[in-house]
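Below you'll find the structure, written out as structure tokens, and then a few comments.
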Amino acid sequence: MPEPTRNPDLTVKVGSLALSNPVMLASGTVGYGDEISKFVSLDKLGGIVVKGLSLEPVRGNRPRRIAETPGGMLNSIGLQNIGVEAFVEEKLPKLRQYDTCVVANIWGTTVDDYAGVAARLDREEGVHALELNVSCPNIKEGGISFGTDARQLHRVTSAARAATSKPLWVKLAPGVTDIGLLARAAEEAGADALSAINTIRGMMVDVARREPVLSTVFGGYSGPGLLPVALYLLFEVKRATPLPLIGIGGINELDHVLQFMTIGASAVQVGTANFYNPGFTGKMVDELIEWCAQHDVDSIEELVGSLQLPAGF
Amino acid sequence: MPEPTRNPDLTVKVGSLALSNPVMLASGTVGYGDEISKFVSLDKLGGIVVKGLSLEPVRGNRPRRIAETPGGMLNSIGLQNIGVEAFVEEKLPKLRQYDTCVVANIWGTTVDDYAGVAARLDREEGVHALELNVSCPNIKEGGISFGTDARQLHRVTSAARAATSKPLWVKLAPGVTDIGLLARAAEEAGADALSAINTIRGMMVDVARREPVLSTVFGGYSGPGLLPVALYLLFEVKRATPLPLIGIGGINELDHVLQFMTIGASAVQVGTANFYNPGFTGKMVDELIEWCAQHDVDSIEELVGSLQLPAGF
Amino acid sequence: MLEKRLVVDSVRHLNARCFVVAFRSGEVAAAARAGQFLMVSVTDAIDPLLRRPMAFCELLGPVTARTGFSILVERTGRGTTLMSRLQPETELEVLAPLGTAFRPPSDAEDQCCLVMGGVGSAPFPLLAGDLIAAGHDVTAFIGGRTADHLLCADDLDRLGARVVLATDDGSAGHHGLVTEPLQHHLDEATGGVTVYSCGPTPMMRAVDDIARARGLPHQVSLEAPMACGIGVCLSCVVPVQEADGGWSYQRICREGPVFDADSLIWEHPDA
Amino acid sequence: MLEKRLVVDSVRHLNARCFVVAFRSGEVAAAARAGQFLMVSVTDAIDPLLRRPMAFCELLGPVTARTGFSILVERTGRGTTLMSRLQPETELEVLAPLGTAFRPPSDAEDQCCLVMGGVGSAPFPLLAGDLIAAGHDVTAFIGGRTADHLLCADDLDRLGARVVLATDDGSAGHHGLVTEPLQHHLDEATGGVTVYSCGPTPMMRAVDDIARARGLPHQVSLEAPMACGIGVCLSCVVPVQEADGGWSYQRICREGPVFDADSLIWEHPDA
Ligand SMILES: Cc1cc2nc3c(=O)[nH]c(=O)nc-3n(C[C@H](O)[C@H](O)[C@H](O)COP(=O)(O)OP(=O)(O)OC[C@H]3O[C@@H](n4cnc5c(N)ncnc54)[C@H](O)[C@@H]3O)c2cc1C
Ligand SMILES: Cc1cc2nc3c(=O)[nH]c(=O)nc-3n(C[C@H](O)[C@H](O)[C@H](O)COP(=O)(O)OP(=O)(O)OC[C@H]3O[C@@H](n4cnc5c(N)ncnc54)[C@H](O)[C@@H]3O)c2cc1C
Ligand SMILES: Cc1cc2nc3c(=O)[nH]c(=O)nc-3n(C[C@H](O)[C@H](O)[C@H](O)COP(=O)(O)O)c2cc1C
Ligand SMILES: Cc1cc2nc3c(=O)[nH]c(=O)nc-3n(C[C@H](O)[C@H](O)[C@H](O)COP(=O)(O)O)c2cc1C
Ligand code: FES
Ligand code: FES
Chain A
10 MPEPTRNPDL
20 TVKVGSLALS
30 NPVMLASGTV
40 GYGDEISKFV
50 SLDKLGGIVV
60 KGLSLEPVRG
70 NRPRRIAETP
80 GGMLNSIGLQ
90 NIGVEAFVEE
100 KLPKLRQYDT
110 CVVANIWGTT
120 VDDYAGVAAR
130 LDREEGVHAL
140 ELNVSCPNIK
150 EGGISFGTDA
160 RQLHRVTSAA
170 RAATSKPLWV
180 KLAPGVTDIG
190 LLARAAEEAG
200 ADALSAINTI
210 RGMMVDVARR
220 EPVLSTVFGG
230 YSGPGLLPVA
240 LYLLFEVKRA
250 TPLPLIGIGG
260 INELDHVLQF
270 MTIGASAVQV
280 GTANFYNPGF
290 TGKMVDELIE
300 WCAQHDVDSI
310 EELVGSLQLP
320 AGF
Chain B
10 MPEPTRNPDL
20 TVKVGSLALS
30 NPVMLASGTV
40 GYGDEISKFV
50 SLDKLGGIVV
60 KGLSLEPVRG
70 NRPRRIAETP
80 GGMLNSIGLQ
90 NIGVEAFVEE
100 KLPKLRQYDT
110 CVVANIWGTT
120 VDDYAGVAAR
130 LDREEGVHAL
140 ELNVSCPNIK
150 EGGISFGTDA
160 RQLHRVTSAA
170 RAATSKPLWV
180 KLAPGVTDIG
190 LLARAAEEAG
200 ADALSAINTI
210 RGMMVDVARR
220 EPVLSTVFGG
230 YSGPGLLPVA
240 LYLLFEVKRA
250 TPLPLIGIGG
260 INELDHVLQF
270 MTIGASAVQV
280 GTANFYNPGF
290 TGKMVDELIE
300 WCAQHDVDSI
310 EELVGSLQLP
320 AGF
Chain C
89 MLEKRLVVDS
99 VRHLNARCFV
109 VAFRSGEVAA
119 AARAGQFLMV
129 SVTDAIDPLL
139 RRPMAFCELL
149 GPVTARTGFS
159 ILVERTGRGT
169 TLMSRLQPET
179 ELEVLAPLGT
189 AFRPPSDAED
199 QCCLVMGGVG
209 SAPFPLLAGD
219 LIAAGHDVTA
229 FIGGRTADHL
239 LCADDLDRLG
249 ARVVLATDDG
259 SAGHHGLVTE
269 PLQHHLDEAT
279 GGVTVYSCGP
289 TPMMRAVDDI
299 ARARGLPHQV
309 SLEAPMACGI
319 GVCLSCVVPV
329 QEADGGWSYQ
339 RICREGPVFD
349 ADSLIWEHPD
359 A
Chain D
89 MLEKRLVVDS
99 VRHLNARCFV
109 VAFRSGEVAA
119 AARAGQFLMV
129 SVTDAIDPLL
139 RRPMAFCELL
149 GPVTARTGFS
159 ILVERTGRGT
169 TLMSRLQPET
179 ELEVLAPLGT
189 AFRPPSDAED
199 QCCLVMGGVG
209 SAPFPLLAGD
219 LIAAGHDVTA
229 FIGGRTADHL
239 LCADDLDRLG
249 ARVVLATDDG
259 SAGHHGLVTE
269 PLQHHLDEAT
279 GGVTVYSCGP
289 TPMMRAVDDI
299 ARARGLPHQV
309 SLEAPMACGI
319 GVCLSCVVPV
329 QEADGGWSYQ
339 RICREGPVFD
349 ADSLIWEHPD
359 A
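In structure tokens:
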């Protein structure tokens, strides 16, 4: 006879921050939580990462902003957001009422921008961590993305670090030759955790019109087709640093959540799946409980980093 | 009444080399042509790129060598091949009988290896071009891939260039911060054309066993999910160099062939689709003829590079 | 907003491109308003990945006890091709109802002009029924490339609307643009008129020019590629006039799909 | 080798995990030999992307005018789960027949021992029929975890084979490994014996130890994840002994799936 099932412990720690479970909503795919909360109770989730905030409101890119791809999609929203001030005044009060971790995803086009947003949020209760989106061009340095150059990544992370005492997560960008280098730069600059990955660049063409589908020619690729790339990059990040990790990219079923965690993610973020299945993350939490019970896993943290590697790795 | 349809001209030129049509078989996905020719007549295709050849035969990696991913697959075959000598003696005579372009994909783990294989094939009739697979570790230089470092790519391309007077194609690897840099390095070293792209790294985990699915932990991601990444990288290569281009990655329907060509590919190579649909390339040629007729395209070369970009690009 | 697995009741093919899918769901039908839409998942697999937005076309069953609703679909790509092969009793995931509805004329006396092109006819049977039930005089102007592209004419006629047709090739009704009979009709009209339009952008713009010139209220239903349909992805935006003279992006899936034409900026402003 | 779109004739569920799919195709059935397999596409969409390899289980219709064939499938993952929901008259893309077949015993007098575990039973009804038709005495040793995991017992019995069962839990037949009754049988046997096996690797290895110790010819049917099934991807390799004492990789889809057990290297050599 099987033992009466104990309630599995789904709590996970990302550094000093405890999440009630490892399932989070990824930045840019759930706004500030208003609409998605009709489909999944935020109280049920480990956390929500809000749409990337900048110092000033940003209109974003001209449409057409999305394209479908085989098993995925491209977006070029252009980081449209209401700005950090409006976020604090209009959105944060509501978010504070949920029993979940609220992570503010922030970005800028100069190092000072990042520091400014971080400083503004540092005073705010109910913001449990900051996540730096470094997939943005550094306008003062010729437009090269903060996330592709270790020196720049170090600078922007250090500046944010100096501006806040809240847990600081750096969200790594794919599309670099050696993501481990970037991971170490963020670690050295004081990041508390690393999220991996942001979207990778992709493009689709409208052959009939002989034009790119997106107004911006190329955009960020997300969705199931991204999964194996995201898992691999998380693995490389894990090899490069001892920091806690958050896995992101292509999650479309529970097995994908478990794969990220086995490699070493303490938590995961779900993005595109919220679009085609807004109740998805709630289902993941239910299935995770069931999976733990079925597999005699008392605490989901047992799974984190449990991957066994062949000799030589 | 529509005009009686003229026979559209499908011939394309890749530099000095003329192909009867733009549809080719990609390296590593059709061996040396024996088996696939039961499903598609090689005479019907623009060309075949044979499995990557090295100086000596290579056994390849220990199984398990493949993993399925959402909308794609990973492989870690490990470049198993019969070696250039056996290729010339056992496989080339048969390939010579087809009315198609035969491209020898070659690789090594030192610069001299590449030059050696190139020199060996330089004397052989019926090899119409050489394609350098540079997604291999340079063993003499700490195992960093030839394809990720512009200086190394320059050296290996120069060495192959010196060893052959046949058209020399360099097959670019994704997974680099700036593929344009690599494209220019290959151009400067004397490449006649560039193929883009090879597989990108990916990983899948067997959660039940807490192990990577592949024996080599990670492998090369190919198939439909790769398409938008491949299109984007081809676009970047096109911006970086005036060389003729061959588009590769995720082709799963005619529209994908047309998208690559619109961006600037003179020809395309089909890889993974040969696995799940071995007659696929023949179908592509038929559909291409039909598409040209329906769209009043007299010569498919009209399409090559016809992409119209918004201002600023 | 409801997230539901619904059963397809029937699929009726109108011609080689267009078809009507009826779903069983009293619950969704009771909540749906003319102009609103649903997001339909066309497969349980990952390709095509995104749900497809479709307008409510008609509600089925008695007014007080709806049993379901229908959508009118034009086959244009992969998702709608899969939909065209749907069989009765198939189950599909649906989010509904979404977005804003058409608003009734502010003047209860107004007659209503419904101007539509191609599959833009889809939301109008539902709207026409409501307007006629509320006592408005309704004229439907239906445009299309050929007679085959005129949709919902019979339904609108059955509901009690006056139906005016126009085709580019003259194969049915007026030979020319649908805005020509509209203009003619407005020239003759006495009393207030509220205009509603849905169709290709050039058509809606032309209708808007006509309505603006005459100071008539005009509501349009817009389309854009949508990833989510619920307001979270920001993919479906259009530039909209702000009170302060500036402009901002609004989401077609939340602030729309029905907009006051007045507020729209047809020519995208420079960023 | 044929590339065909075939029609599913019927789907018969044996238990919660296993089912038999019958296809109509006289052409494929006429070409298929025991031990060979087919690659079945489980969807027209891109996920799951790859075809699934499945052994021919039985040929249908009269020997001289085959009308189709069946496969026996165990539901283990996404592709086989989709297959378990197949409906009659569905069309599927199939490549067949592929790979090498079982070879008859070199001695026409040999009796044959067929040793199978779990879904490894799949190729044996076809083989048993051929061997019995050729006059061989056939004994089938069927192993499984529980009675529910014993497959093809009735079919093999019907075809005229002697059937011996073994289960890990003793719920049917011998309580223990299938190799125990095999060993017992061989101890008693007089005259030549040829052994055939298919099932979990530990089972095939154990059978091989027994066959080798007695110098009996032994053919095994192997499995590996396959991307193409036609020999072009090199994903399905196993290490095989070379005449010169070295080893090389051979493709299960071309040089196999049936191998002489003698040639196999069960413990992967160091590279
Ligand atoms: C609010 C709203 C209501 C609609 N109502 C109807 C209706 O009642 N009947 C009907 O036939 N069509 C309607 N459409 C358009 C319909 O959604 C598209 O024709 C459909 O999504 C095309 O999908 P596809 O897979 O066939 O085409 P594909 O070209 O393969 O689609 C590729 C991608 O582009 C998107 N897309 C392509 N064209 C459009 C478009 N015109 N509008 C929005 N997204 C598009 C698809 O959703 C998908 O994400 C409506 C659109 C919106 C926004
Ligand atoms: C020559 C041959 C004959 C076979 N005959 C039969 C048969 O008659 N009946 C039967 O039920 N099964 C048979 N199998 C095994 C069957 O192919 C796998 O169980 C099936 O592919 C699993 O697919 P899935 O999508 O359900 O599992 P998933 O685990 O979702 O599959 C993921 C991937 O791994 C591959 N894979 C997983 N397990 C296996 C396996 N054991 N062997 C090969 N590939 C695998 C799949 O093909 C797919 O590419 C045979 C395999 C081979 C090689
Ligand atoms: C429409 C859209 C908008 C996004 N906006 C942001 C953003 O503002 N900041 C950010 O760090 N990531 C953003 N992302 C990236 C996601 O958070 C996530 O990293 C990525 O989509 C991969 O996960 P997925 O495959 O689950 O979607 C966005 C993604 C999408 C699809
Ligand atoms: C199993 C397999 C083996 C491959 N072997 C080679 C190779 O030997 N040399 C090479 O340059 N590319 C090789 N490739 C890469 C393909 O040629 C191609 O670049 C890649 O698969 C992307 O195209 P696809 O998505 O159409 O498969 C291989 C790909 C696969 C899937
Ligand atoms: S479709 Fe996502 S915000 Fe409108
Ligand atoms: S499955 Fe491709 S070579 Fe065997």
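Residue numbers (this note's numbering), protein chains in the order written: chain A, 10 to 322; chain B, 10 to 322; chain C, 89 to 359; chain D, 89 to 359.
For glycine and all other residues, C-beta sits at the position ideal for the given N, C-alpha and C.
Under 9 Å between C-beta atoms of residue i and residue j
i: G234(B); j: P237(A); result: yes
i: A315(C); j: D135(D); result: no
i: G184(A); j: T250(A); result: no
i: E171(C); j: V109(C); result: Reading off the sequence, residue 171(C) comes out as Met, not Glu. Yes.
i: L223(A); j: R105(A); result: no
i: R302(C); j: L274(C); result: yes
i: G81(B); j: G232(B); result: yes
i: E162(D); j: E91(D); result: no
i: P31(A); j: I298(A); result: no
i: A202(B); j: H163(B); result: no
i: L148(D); j: R154(D); result: yes
i: C201(C); j: V283(C); result: yes
i: L54(A); j: S85(A); result: no
Spatially closest choice to residue i from the options, by CA coordinates
i: V216(A); options: S144(B), V313(B), Y123(B), R105(B); result: V313(B)
i: L243(B); options: G273(B), V266(B), G288(B); result: G273(B)
i: Y123(B); options: T166(B), K103(B), N283(B); result: T166(B)
i: F144(C); options: V130(C), V207(C), R93(C); result: V207(C)
i: A35(A); options: D305(A), L318(A), Q303(A), F289(A); result: F289(A)
i: L174(C); options: L94(C), E197(C), E355(C); result: L94(C)
i: Y285(A); options: R250(C), V130(C), A228(C); result: V130(C)
i: D121(A); options: K100(A), A168(A), G92(A), E134(A); result: A168(A)
i: I298(C); options: L244(C), S285(C), F347(C); result: S285(C)
Expected contact under 8 Å - CB spacing of residue i and residue j to nearest Å
i: V179(B); j: N114(B); result: About 11 Å separates the two Cβ atoms, so there is no contact after all.
i: A184(C); j: V116(C); result: 5 Å
i: E177(D); j: S158(D); result: Not quite, the Cβ-Cβ distance comes to about 16 Å (not below 8 Å), so this is no contact.
i: G211(B); j: L51(B); result: That belief does not hold up - the Cβ atoms of G211(B) and L51(B) are roughly 30 Å apart, past 8 Å.
Residues that DSSP places opposite residue i in a beta bridge
i: W300(A); result: Answer is none; W300(A) lacks a bridge partner.
i: N90(B); result: V67(B)
i: P327(D); result: Y337(D)
i: Q317(B); result: DSSP, once it has assigned bridges, lists no residue as partnering Q317(B).
i: D215(B); result: E220(B)
i: M360(D); result: Because chain D is modelled from 89 through 359, residue 360(D) falls outside the range shown and cannot be assessed.
i: L22(A); result: Note that residue 22(A) corresponds to Lys in the displayed sequence, not to Leu. Paired residue(s): A27(A).
Quick one: residues with CB closer than 5 Å to any heavy atom of ligand 1, in chain order, please.
Proximity to ligand 1 was defined by a C-beta distance below 5 Å to any of its heavy atoms, and the residues meeting it, in sequence along the chain, are E77(A), F125(C), L138(C), R140(C), P141(C), M142(C), A143(C), V161(C), E162(C), T164(C), G165(C), R166(C), G167(C), T168(C), V207(C), A210(C), E311(C), P313(C), P345(C).
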